[in-house]
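Trainee: Have a look at the structure that comes next, please.
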Amino acid sequence: SQTIHQWPATLVQPVGSPLSLECTVEGTSNPNLYWYRQAAGRGLQLLFYSVGIGQISSEVPQNLSASRPQDRQFILSSKKLLLSDSGFYLCAWGEKGEQPQHFGDGTRLSIL
Amino acid sequence: SQQGEEDPQALSIQEGENATMNCSYKTSINNLQWYRQNSGRGLVHLILIRSNEREKHSGRLRVTLDTSKKSSSLLITASRAADTASYFCATPRGNDMRFGAGTRLTVKP
Numbered sequence: 022s023q024t025i026h027q028w029p030a031t032l033v034q035p036v037g038s039p040l041s042l043e044c045t046v047e048g049t050s051n052p053n054l055y056w057y058r059q060a061a062g063r064g065l066q067l068l069f070y071s072v073g074i075g076q077i078s079s080e081v082p083q084n085l086s087a088s089r090p091q092d093r094q095f096i097l098s099s100k101k102l103l104l105s106d107s108g109f110y111l112c113a114w115g116e117k118g119e120q121p122q123h124f125g126d127g128t129r130l131s132i133l
Numbered sequence: 081s082q083q084g085e086e087d088p089q090a091l092s093i094q095e096g097e098n099a100t101m102n103c104s105y106k107t108s109i110n111n112l113q114w115y116r117q118n119s120g121r122g123l124v125h126l127i128l129i130r131s132n133e134r135e136k137h138s139g140r141l142r143v144t145l146d147t148s149k150k151s152s153s154l155l156i157t158a159s160r161a162a163d164t165a166s167y168f169c170a171t172p173r174g175n176d177m178r179f180g181a182g183t184r185l186t187v188k189p
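Below, the structure written as structure tokens:
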């Protein structure tokens, strides 16, 4: 069966520090991968998605970047965090063709 | 931008009652999906309804789709305290998915 791992679960970082969140998927190959951000009590904002290794689509210009160095690995990064980067970050995977997405348990990021 | 919009934003009911949540969307779709999110966790896929389907059931869940009105509803029958969560509709668009802002359901024991 397929599983998705996302870590860390919580992270507290100072303003201006770098960020690296990692997400890995097991049990499937060539999945679509997604990074979302969710503000408290709100819906999901799509940040990046990837349909294959090295292929990244950005939905919102911002202080973040994403990379997919391996088929089942998706990384969210920042060189210098802003206060506005605080939020709940969710990684998800889905098969091609408008299929359901499967989510990790999220990372709660607090910027001080 | 949001594709799906759910209403109500929040719903509070007693255990055993039915809960109905609605979703409206703006563009044509091939399918519409409903997800559930427990507090502080990731979303879990509940049910997918295709554009040529009008109604679909899964256990205590019943989903309807009206493509002429660009709307869908999720009915949870005989609700339980464990159904307390946020519920989102989502519409896929090519390789990405657009989620609404969600309905926060509270089921009181």
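Protein chains in written order, with this note's numbering: chain A, 22 to 133; chain B, 81 to 189. C-beta: ideal position from N, C-alpha, C; glycine also. For clarity, every value in this text was computed on a predicted model and none was experimentally measured.
Should asparagine 102 (chain B) be flagged as near chain A, meaning a C-beta pair shorter than 8 Å?
Mentor: The count along the second sequence starts at 1 and reaches residue 102 (chain B) at position 22. No - not a single Cβ of chain A is within 8 Å of the one on asparagine 102 (chain B).
Trainee: Measuring CB atoms only, is the region 129–143 of chain B touching the region 85–103 of chain A, in the sense that at least three cross pairs come out at less than 8 Å?
Mentor: No, they do not touch.
Trainee: Taking Cβ-Cβ distances shorter than 9 Å, what residues in chain A pair up with leucine 176 (chain B)?
Mentor: By one-based count along the second sequence, residue 176 (chain B) stands at place 96. The residue asked about is misnamed: residue 176 (chain B) is aspartate in this sequence, not leucine. Those are Asn53, Tyr55, Leu67, Tyr70, Ser78 and Glu80, listed as they occur along chain A.
Trainee: In this structure, does DSSP put serine 131 (chain A) in helix, strand or coil?
Mentor: For the purposes of this step, residue 131 (chain A) is taken as the residue at position 110 of the first sequence. In the structure shown, serine 131 (chain A) sits in a strand (DSSP, three-state: E or B).
Trainee: Per DSSP, serine 98 (chain A) is paired with what?
Mentor: Against the first sequence, residue 98 (chain A) aligns to sequence position 77. Answer is A:Ser41 and A:Ser86.
Trainee: Please determine, among A:Lys117, A:Leu97 and A:His123, the residue with the shortest C-alpha to C-alpha distance to tryptophan 56 (chain A).
Mentor: Taking the first sequence and counting its residues from 1, the one referred to as residue 56 (chain A) is at position 35. Comparing Cα positions, the closest option is A:Leu97.
Trainee: Please report how far the alpha carbon of lysine 188 (chain B) lies from the alpha carbon of glycine 96 (chain B), in whole angstroms.
Mentor: Within the second sequence, the letter at position 108 stands for residue 188 (chain B). Within the second sequence, the letter at position 16 stands for residue 96 (chain B). For lysine 188 (chain B) and glycine 96 (chain B), the distance between alpha carbons rounds to 9 Å.
Trainee: With burial defined as no fewer than 16 other Cβ atoms inside 10 Å of the residue's Cβ, what is the status of leucine 133 (chain A): buried or exposed?
Mentor: Here residue 133 (chain A) is taken as the residue at index 112 of the first sequence, counted from 1. Classification of leucine 133 (chain A): exposed, given that the 10 Å Cβ count is below 16.
Trainee: Would you mind stating whether arginine 58 (chain A) and glycine 125 (chain A) have Cβ atoms separated by less than 8 Å?
Mentor: In the first sequence, the residue the question calls residue 58 (chain A) occupies position 37. In the first sequence, the residue the question calls residue 125 (chain A) occupies position 104. The answer is no: Cβ separation not under 8 Å.
Trainee: So the candidates are A:Tyr70, A:Ala60 and A:Val33; which of them puts its Cα closest to the Cα of glutamine 122 (chain A)?
Mentor: As a first step, residue 122 (chain A) must be located in the first sequence, where it is residue number 101. When each option's Cα is compared against that of glutamine 122 (chain A), the closest is A:Tyr70.
Trainee: Using only CA atoms, which one of A:Gln27, A:Leu130, A:Glu116 and A:Gly118 lies nearest to glycine 122 (chain B)?
Mentor: Numbered from 1 along the second sequence, position 42 holds the residue referred to as residue 122 (chain B). The option with the nearest alpha carbon to glycine 122 (chain B) is A:Gln27.
Trainee: Taking only the alpha-carbon atoms, compute the straight-line gap between glutamine 76 (chain A) and glutamate 116 (chain A) and give it to the nearest angstrom.
Mentor: Within the first sequence, the letter at position 55 stands for residue 76 (chain A). Within the first sequence, the letter at position 95 stands for residue 116 (chain A). Roughly 16 Å separates the two Cα atoms.
Trainee: Examine the Cβ distances between the region 103–114 of chain B and the region 123–138 of chain B and report whether three or more of them are shorter than 8 Å.
Mentor: The region 103–114 of chain B, when compared against the region 123–138 of chain B, does touch it at the 8 Å Cβ threshold.
Trainee: Going along the region 127–144 of chain B in order, which residues come within less than 8 Å of chain A, judged by CB to CB distance?
Mentor: Flagged, chain order: Leu128.
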